[in-house]
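In my numbering, the protein residues as written are 159 to 243.
The C-beta atom is built at its ideal place from N, Cα and C for all residues, glycine as well.
First comes the structure, then the notes that go with it.
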Amino acid sequence: MAAPSRPTRVTLTEGGPVLVEGPVELELPDGTRVTSERPVVALCACRRTKRYPFCDTSHRRKERRAGAPKDQTPKGQAAEDPTGD
């Protein structure tokens with residue numbers, strides 16, 4: 159992999175993945191190397207992903223369970239007004 163012409167940008171997101179401008183080559187703890195040619199790579203920071211080291215948005219499911227229940231209104235329909243108006 160060629161040296162980048164500018165510094166690689168890494169963005170830490172609150173409650174989400176670490177975003178790395180690609181392409182990237184990652185070395186995992188067991189020594190295996192994983193490459194990605196994508197323009198931005200999302201790396202898992204919560205360790206819930208099934209695609210480690212890449213984020214699969216598993217952190218979102220955890221947040222939803224911990225917070226208020228998801229709105230069950232089908233897309234394209236307005237929720238009923240609880241006041242009856």
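Query raised in the report: Closest to Ser194 by CA distance: which of Arg205, Glu179 and Asp188 is it?
Result: For the residues Arg205, Glu179 and Asp188, the minimum Cα distance to Ser194 belongs to Glu179.
Query raised in the report: What residues in its chain sit with their C-beta under 6 Å from that of Arg196, if we drop five residues either side in the sequence?
Result: If you ignore the 5 residues before and after Arg196, its C-beta comes within less than 6 Å of the C-beta of Gly180, all in its own chain and listed in chain order.
Requested in this report: Specify, as a first and last residue, the run of the beta strand (DSSP E) that Ala200 falls within.
Outcome: Looking at the DSSP string, the run of the beta strand (DSSP E) that includes Ala200 is Val198 to Leu201.
Requested in this report: Might you give, ordered along the chain, the residues of its own chain that have their beta carbon closer than 6 Å to the beta carbon of Val192, omitting 5 neighbours on each side?
Outcome: For Val192, the CB contacts under 6 Å within the same chain, skipping 5 residues up- and downstream, are Leu184 in chain order.
Query - Nonlocal neighbours in the same chain, by C-beta distance under 7 Å from Arg167, ignoring five residues either side - result: In chain order, Glu179 place their CB closer than 7 Å to the CB of Arg167, counting only its own chain and leaving out the 5 sequence neighbours on each side.
Query raised in the report: Residues in its own chain within less than 7 Å of Thr171 by CB, not counting five upstream and five downstream?
Result: So the qualifying residues of the chain are Leu177.
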